[in-house]
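**Student:** Below is a structure I'd like to ask you about.
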Amino acid sequence: MFKERHPLEAGMIGSFAHLDCLEQALWAAKAQQMDVRDVYSPVPVEKAWEILKPQTSPVRFGTFVGGLLGAVGGLTLCILTSVIWNIVVAGKPVTSHVPFMVVTFEALVLLGAFGTLFGMLIAARLPFRRFPTAGYRPEFSEDHFGIWLSCPKGEEHKARQLLEKAGAVKVFSIDDNKMSEAHA
Amino acid sequence: MSHAQASKLGNFSYGKIHRDLLGTLGVPSKAYIALILFCLALAGWGGIAWGYLIFTGMGVTGINNPVAWGSFITTFVFWVGIGHAGTLISAVLFLLRVPWRTAIFRAAEASTIFAVATAGIFPLIHMGRFWTVYYTLPYPNGRELWPNFRSPLVWDVIAISTYLTVSAIFFYIGLLPDIAAARDRAKPGLKKTVLLLLSLGWMGSFKQWKHYTAAYVLFAALATPLVVSVHSVVSWDFAMSDVPGWHTTIFAPYFVAGAILSGLAMVICILIPLRHVFKVKHIIRRYHLEGMAKLLVAVSIIVGYAYGVEFFIAWYAGNPFEVAIFKYRPTGDFAIQFWIMVVCNVIVPLLYLFKKVRTNLAGLFIVAVLVNVGMWFERYNIIVSSLSHEFMPHTWGLYSMTWVEWSILIGSFGLFFFLYLSFIKVLPAISVAEVKESMPHPLKEKH
Chain E
133 MFKERHPLEA
143 GMIGSFAHLD
153 CLEQALWAAK
163 AQQMDVRDVY
173 SPVPVEKAWE
183 ILKPQTSPVR
193 FGTFVGGLLG
203 AVGGLTLCIL
213 TSVIWNIVVA
223 GKPVTSHVPF
233 MVVTFEALVL
243 LGAFGTLFGM
253 LIAARLPFRR
263 FPTAGYRPEF
273 SEDHFGIWLS
283 CPKGEEHKAR
293 QLLEKAGAVK
303 VFSIDDNKMS
313 EAHA
Chain G
62 MSHAQASKLG
72 NFSYGKIHRD
82 LLGTLGVPSK
92 AYIALILFCL
102 ALAGWGGIAW
112 GYLIFTGMGV
122 TGINNPVAWG
132 SFITTFVFWV
142 GIGHAGTLIS
152 AVLFLLRVPW
162 RTAIFRAAEA
172 STIFAVATAG
182 IFPLIHMGRF
192 WTVYYTLPYP
202 NGRELWPNFR
212 SPLVWDVIAI
222 STYLTVSAIF
232 FYIGLLPDIA
242 AARDRAKPGL
252 KKTVLLLLSL
262 GWMGSFKQWK
272 HYTAAYVLFA
282 ALATPLVVSV
292 HSVVSWDFAM
302 SDVPGWHTTI
312 FAPYFVAGAI
322 LSGLAMVICI
332 LIPLRHVFKV
342 KHIIRRYHLE
352 GMAKLLVAVS
362 IIVGYAYGVE
372 FFIAWYAGNP
382 FEVAIFKYRP
392 TGDFAIQFWI
402 MVVCNVIVPL
412 LYLFKKVRTN
422 LAGLFIVAVL
432 VNVGMWFERY
442 NIIVSSLSHE
452 FMPHTWGLYS
462 MTWVEWSILI
472 GSFGLFFFLY
482 LSFIKVLPAI
492 SVAEVKESMP
502 HPLKEKH
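Here's what the structure looks like:
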């Protein structure tokens, strides 16, 4: 979906009050092979995922790696400390695996949570240093849905027409300076 | 009946919900300022009492030999228990797709964070010389205090720290879209800059939502076993010892059920005034409170069952020390506390079986307050009665709280509510994004 950008590219934002209009615009953009740069919404819109088909979220790998490191690290910590600073009680083994499971489990959950957090931040590119992007409008966190279309210069009217036809309540064009910032 | 119909949110627009919920962050009223100052004063009084304890010594408390764990450990366990409902509501009920969770989970999560933070102070108070806390940390040192990962006290520190950290991360991630919404609404200035930093540049792009929803499910899945594990580990502080009345395998599920009971009661106590003060009765409806009341009465029945099973096990196992302690609790020196516990935690919540009570705000509130009182006495009863009546009659002793302990207990409530009241004016106490998500989407073509 994120094609290589043309240096002479224009951007057009459509702001929608209704979700079905947004869906219609996305289908139309897909049919006309327009480049949907981004979609903004105050709530998750599963339909947008269906139409634009972004990659499956890799966050779960962060959870898995974090959880695995936590479990191995927690158990290793318990075993090594009990071997090095051992407390010998009668004939009992120095390493007691059952009680160590508590620490192992807690470390698994703790590092699993950190893995999920970092996985999400990296995948969602947060913190986003260049906030706001050229296409973002504050109303998109309130009650409007936005589509950012990019098209070659001179074809802005096609994008505008598409957005208006789908029912956009407002259509903005992104000025050249902001577009070049967006490329940076 | 769908959730939107049941909660009657279908009548409102995204914009209305957005304005109403973010409007709660406006200029505080005089009543709010008076209340927060009152809470701060209570916390301050608790702080003065703690200062007096530090300078004078542990002798100013009622803690003695044999009752070496008194009100401080009681209150510690109480606050950890209060912290249970937040993660239960935000994680477990999220995974179970319980519809009445949406409007209330943020308020419950906040209570978790502040309750566990309040609880964390009590082991330090109980230590007396709290500046030597590093002696207890499990690291090798020259004082021959070796790390011992077999100790339930070490498990407890690890479990509660993990719970607080994971709950705080889960809480923050859930807040991200709402912080962004508050940022977009704020006027330029310090507040906007702080919100800008906290929002991490969240824009609600479809890719961000994709990763966010994936992460949220994973956080819920990670936090769910924590709900069970934390209070199980707290219960093992007691159950791993051989003290009569503590050394029993039922303690883990018994403590977990008790924690959920007290946590739910506290959330009900918070939500009833909150919806009134913030004028969000159309969002937090009686339907939501009734859902919590039904869950509370179910958990209360489990707790009542656990109380009964404890007596049964003591009799059935035939251990004379267990039999003695379970005869002592309802009839001995701490019988009043025992019966307060039974009445408040088992009998009073049964009133929620009547629809008239659980749909009446005064009824809901009074029962929830009594459950909290009962849950504090439950911990008091477990800790104090067992320690005061161990194996050998010549070691038996009594315990009563002094003004210092009462002051610190009251101060802890002041601290909790001060933190809570501060939070609800800084960030939305009701999730804006999730309430919108639970509503019917705005469609041009009405189906």
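In the order they appear, the protein sequences are chains E and G.
If you're matching positions, the first sequence starts at 133 in the numbering used here and goes up one per residue.
If you're matching positions, the second sequence starts at 62 in the numbering used here and goes up one per residue.
We put the CB at the ideal spot given by N, CA and C, even for glycine.
Keep in mind it's a predicted model, so treat the numbers as computed, not measured.
Using a Cβ cut-off of 9 angstroms, pull out every chain G residue sitting near PHE232 (chain E), in sequence order please.
**Tutor:** Result: PHE210 and ARG211.
**Student:** Measure the Cβ-Cβ separation of LEU448 (chain G) and PRO127 (chain G) and say whether it is below 7 angstroms.
**Tutor:** Yes, the pair counts as a contact, with Cβ atoms nearer than the cut-off.
**Student:** GLN398 (chain G) to ILE443 (chain G), Cα distance in whole Å?
**Tutor:** Approximately 10 angstroms, taken between the alpha carbons.
**Student:** Are any of the Cβ atoms in chain E nearer than 7 angstroms to that of ALA67 (chain G)?
**Tutor:** Here the model assigns ALA67 (chain G) a pLDDT of 48, short of 50, so the residue's position is not dependable, and the following value carries that caveat. Chain E contact via Cβ: absent.
**Student:** Check whether the Cβ of CYS210 (chain E) lies closer than 7 angstroms to any Cβ atom in chain G.
**Tutor:** True, the Cβ-Cβ gap to chain G drops below 7 angstroms.
**Student:** Could you give the DSSP three-state label for HIS315 (chain E): helix, strand or coil?
**Tutor:** Low confidence applies here, because HIS315 (chain E) scores a pLDDT of 44, under 50, leaving its location unreliable; read the following figure in that light. DSSP places HIS315 (chain E) in helix when its eight states are reduced to three.
**Student:** Reducing DSSP to helix, strand and coil, say where ARG190 (chain G) ends up.
**Tutor:** Of the three classes helix, strand and coil, the one that applies to ARG190 (chain G) here is coil, per DSSP.
**Student:** In angstroms, rounded to a whole number, what distance separates the CA positions of GLU506 (chain G) and CYS153 (chain E)?
**Tutor:** So the alpha carbons of these two residues sit roughly 9 angstroms apart.
**Student:** Return the first residue and the last residue of the alpha helix (DSSP H) that ARG158 (chain G) is part of.
**Tutor:** Note, ARG158 (chain G): premise wrong, no alpha helix (DSSP H); not H, not E.
**Student:** Which one of G:PHE339, G:LEU82 and G:ALA326 has the shortest CA to CA distance from TYR93 (chain G)?
**Tutor:** Looking at the Cα atoms, G:PHE339 is the closest of the given residues.
**Student:** For SER296 (chain G), which residues in chain E fall below 8 angstroms Cβ to Cβ?
**Tutor:** Correct list: empty, because the minimum Cβ distance to chain E is about 12 angstroms.
**Student:** Assuming the contact rule is C-beta atoms closer than 8 angstroms, TRP106 (chain G) and ILE471 (chain G) should be a hit. Round their C-beta distance to whole Å, please.
**Tutor:** So it is a contact: roughly 7 angstroms between Cβ atoms.
**Student:** State yes or no: is the C-beta of ARG167 (chain G) within less than 7 angstroms of the C-beta of ILE491 (chain G)?
**Tutor:** Cβ atoms of ARG167 (chain G) and ILE491 (chain G): closer than 7 angstroms.
**Student:** Is the region 167 to 186 of chain G touching the region 477 to 492 of chain G in the sense that three or more CB pairs, one from each, lie closer than 8 angstroms?
**Tutor:** The region 477 to 492 of chain G vs the region 167 to 186 of chain G: in contact.
**Student:** Whole angstroms are fine: how far does the CA of PHE231 (chain G) sit from the CA of PHE133 (chain G)?
**Tutor:** Cα to Cα, PHE133 (chain G) sits roughly 29 angstroms from PHE231 (chain G).
**Student:** Using DSSP with H/G/I as helix, E/B as strand and the rest coil, what is TRP280 (chain E)?
**Tutor:** TRP280 (chain E) falls in the strand class under three-state DSSP.
**Student:** Counting only runs of 4+ residues fully inside the region 258 to 315 of chain G, write out the alpha helix (DSSP H) ranges in chain order.
**Tutor:** 267 to 300, all fully within the region 258 to 315 of chain G.
**Student:** Does the count of Cβ pairs from the region 212 to 222 of chain G and the region 239 to 255 of chain G closer than 8 angstroms reach three?
**Tutor:** Flag = no, the region 212 to 222 of chain G and the region 239 to 255 of chain G do not touch.
**Student:** Could you give the residue range of the beta strand (DSSP E) that holds ASP167 (chain E)?
**Tutor:** 167 to 172 is the span of the beta strand (DSSP E), which, as asked, contains ASP167 (chain E).
**Student:** Using DSSP bridges, identify the partner residues of ALA142 (chain E).
**Tutor:** The partner list for ALA142 (chain E) (beta bridge, DSSP) reads E:CYS283.
**Student:** Consult DSSP for ILE344 (chain G) and reduce its assignment to one of helix, strand or coil.
**Tutor:** Here ILE344 (chain G) sits in coil by DSSP.
**Student:** Output yes if chain G places a C-beta closer than 7 angstroms to the C-beta of SER147 (chain E); else output no.
**Tutor:** Answer no: the Cβ-Cβ gap between SER147 (chain E) and chain G never drops below 7 angstroms.
**Student:** Helix or strand or just coil, what does DSSP make of ILE397 (chain G)?
**Tutor:** ILE397 (chain G) falls in the helix class under three-state DSSP.
**Student:** In or out: PHE137 (chain G) buried (at least 16 other Cβ within 10 Å) or exposed?
**Tutor:** Counting Cβ neighbours within 10 Å, PHE137 (chain G) comes out buried, since at least 16 surround it.
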